[in-house]
Amino acid sequence: MGKGRDAFERDGFLVLESFVSPGACDELRLRAEELVGAFDPAEAVSVFSTHEQTRTSDEYFLESGDQIRFFFEEDAFRPDGSLRQAKGLSINKIGHAMHDLDPVFARFSHSPDLAALATELGMRQPLVLQSMYIFKSPHIGGEVTLHVDQTFLWTDPPSVTGFWFAIQDATTENGCMWAVPGAHRLPARQRFHRVQGGSTAFEVFDPEPYPLDGEVPLEAAAGTLIVLHGQLPHRSGPNHSDRSRHAYTVHAIDGTAHYRADNWLQRRPELPLRGFA
Ligand code: FE2
Numbered sequence: 000m001g002k003g004r005d006a007f008e009r010d011g012f013l014v015l016e017s018f019v020s021p022g023a024c025d026e027l028r029l030r031a032e033e034l035v036g037a038f039d040p041a042e043a044v045s046v047f048s049t050h051e052q053t054r055t056s057d058e059y060f061l062e063s064g065d066q067i068r069f070f071f072e073e074d075a076f077r078p079d080g081s082l083r084q085a086k087g088l089s090i091n092k093i094g095h096a097m098h099d100l101d102p103v104f105a106r107f108s109h110s111p112d113l114a115a116l117a118t119e120l121g122m123r124q125p126l127v128l129q130s131m132y133i134f135k136s137p138h139i140g141g142e143v144t145l146h147v148d149q150t151f152l153w154t155d156p157p158s159v160t161g162f163w164f165a166i167q168d169a170t171t172e173n174g175c176m177w178a179v180p181g182a183h184r185l186p187a188r189q190r191f192h193r194v195q196g197g198s199t200a201f202e203v204f205d206p207e208p209y210p211l212d213g214e215v216p217l218e219a220a221a222g223t224l225i226v227l228h229g230q231l232p233h234r235s236g237p238n239h240s241d242r243s244r245h246a247y248t249v250h251a252i253d254g255t256a257h258y259r260a261d262n263w264l265q266r267r268p269e270l271p272l273r274g275f276a
C-alpha cells in the first residue's frame, strides 16, 4: 500500500501539491470566466426572484446534474431582484456536468494521473459524477457549512470521493477548506434526497453536529489537489478578503456501489458516467 493511501485512510484526506500546472489552472479559470461571460443572468435571475422562488430554484438546481448551470451568491441580489455588483463577481458556482459537456473542463477532469490516483486510493471502478467550479469572490463569497459529501451523493456502501483543485491560492483569509482529520470513520449523520413534488429533504439519522475537535485548515497553493473521503466532515469559510479563491472540484463514485435513485443528482441515460482516463 502506498504512502498516499496510508495517509488518506488515516486522515480522510490527502494534500498533493503541484498536482496540476499553473498553466492548466489558468486555462480552467479563463474558461470558467468565459462561460460566465456568455451566461445571460436574466435566465437565472428570474429563477431566483420570482414569486414561486422555491419551486423554480429547486427545479433549476435539480435539473443541473447533466447541465452547465450558474448559481448566484446568496447576497448577490437587491430586494428588487437586480444584481448588487457585476455578474462575474456575483456567481457562487457553475455546476454540475462541465466535466462531460465542456471540452476544456473535460480535458482537466480526465487524465491518466487522476485515474491512477483513484485506483491507488482503492476505487475499483471510479466514475466521475459531478463537477463544480467555485468562485468564492472577494467579500461576497459565502461559506460552505460543515458537511460530508456522502450526505449529498449517497451510495451503498459509501464511495463518493472529492477531488478538490485549488485554481488560485486558498488561505485562511480567503476561505480555504477546513477538515477534521480522522473523522471520516464516523457514518454520515444525514441524507439529502428528492421527495415527491419536485423538492428535497434531509433524512436525519443523528441530529448531533459532527465533532470539530482537531479541525485543521487546509491551505493550498494554486495547483494543489486535495482528495476528500466521502465521510470526512469539511467546510470552508466566507471570503472577507480582497482576493478571490477559485477552486474546481469533481466528485467520483465507485461503479461497484449502488447509487440511490432518489439522490438529488440524476443524469439522462444519454449521458452515461465515465471514468477518469
Ligand atoms: Fe463537500
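So that you can map any letter, position 67 of the sequence shown is 66 in numbering that gives the first Met the number 0, and since no number is skipped, the others follow by simple counting. Glycine included, each C-beta is placed from N, C-alpha and C at the ideal position.
Measure the alpha-carbon distance for residue i versus residue j and round it to whole angstroms.
i: L152; j: D241; result: 33 Å
i: E33; j: L27; result: 10 Å
i: M176; j: H192; result: 25 Å
i: R244; j: L227; result: 18 Å
i: Q124; j: S81; result: 45 Å
i: G11; j: H183; result: 5 Å
i: Q84; j: P237; result: 17 Å
i: L224; j: G174; result: 16 Å
i: L231; j: Q66; result: 27 Å
i: G213; j: D101; result: 39 Å
i: D205; j: R188; result: 5 Å
i: E142; j: W163; result: 16 Å
i: E58; j: T199; result: 10 Å
i: D112; j: E8; result: 20 Å
i: L270; j: A96; result: 10 Å
i: A6; j: A75; result: 39 Å
i: S110; j: V194; result: 36 Å
i: G22; j: E207; result: 43 Å
i: F201; j: D261; result: 12 Å
i: E172; j: S136; result: 12 Å
i: T150; j: R190; result: 4 Å
i: S56; j: S89; result: 16 Å
i: T170; j: G181; result: 22 Å
Would residue i be called buried (16 or more neighbouring beta carbons within 10 Å of its own) or exposed?
i: H257; result: exposed
i: E72; result: buried
i: S17; result: exposed
i: H197; result: Looking at the sequence itself, residue 197 is Gly, so the reference to His does not match. Exposed, by the Cβ-count rule.
i: L264; result: buried
i: D148; result: buried
i: L217; result: buried
i: R77; result: exposed
i: S20; result: exposed
i: G140; result: buried
i: R267; result: exposed
i: A31; result: buried
i: V179; result: buried
i: P40; result: buried
i: F277; result: The requested residue 277 does not occur in the structure, where the chain is confined to residues 0 to 276.
i: P203; result: In the sequence as displayed, the identity of residue 203 is Val instead of Pro. Under this definition V203 is an exposed residue.
i: V215; result: exposed
i: G229; result: buried
Can you tell me the Cβ-Cβ gap for residue i and residue j, rounded? I've got them flagged as a contact below 8 Å.
i: L116; j: L272; result: Going by Cβ atoms, the distance from L116 to L272 rounds to 18 Å, so no, they are not a contact pair.
i: G94; j: S63; result: 6 Å
i: R234; j: L145; result: 4 Å
Here's a check: name, in chain order, each residue in its chain whose Cβ is nearer than 7 Å to the Cβ of residue i, leaving out the five neighbours to either side.
i: H239; result: H138
i: H98; result: F104, A105, S108, V127, S130, V249
i: I166; result: C24, L27, R28, A221, H245, A246, Y247
Report all residues from its chain with a CB closer than 8 Å to the CB of residue i; omit the five preceding and five following residues, and keep chain order.
i: M277; result: Any answer about residue 277 is impossible in this case: the structure gives the chain only from 0 up to 276.
i: E119; result: G1, G3, R4
i: P156; result: A256
Tell me which residues share the same chain as residue i and place their Cβ nearer than 6 Å to its Cβ, disregarding the 5 neighbours each side in the sequence.
i: A220; result: D168
i: A114; result: F275, A276
i: R259; result: W153
i: V14; result: I225
i: I133; result: K92, A246
**OP:** At 4 residues or longer, and completely inside the segment 5-37: list those alpha helix (DSSP H) runs for me, N to C.
**Re:** 21-37
Original post:
Which runs of the alpha helix (DSSP H), 4 residues or longer, sit entirely within the segment 57-122?
Top reply: 97-100, 102-108, 111-119
**OP:** Note down, one range per segment and in chain order, each beta strand (DSSP E) of at least 3 residues found wholly within the segment 215-247.
**Re:** 215-217, 224-228, 233-235
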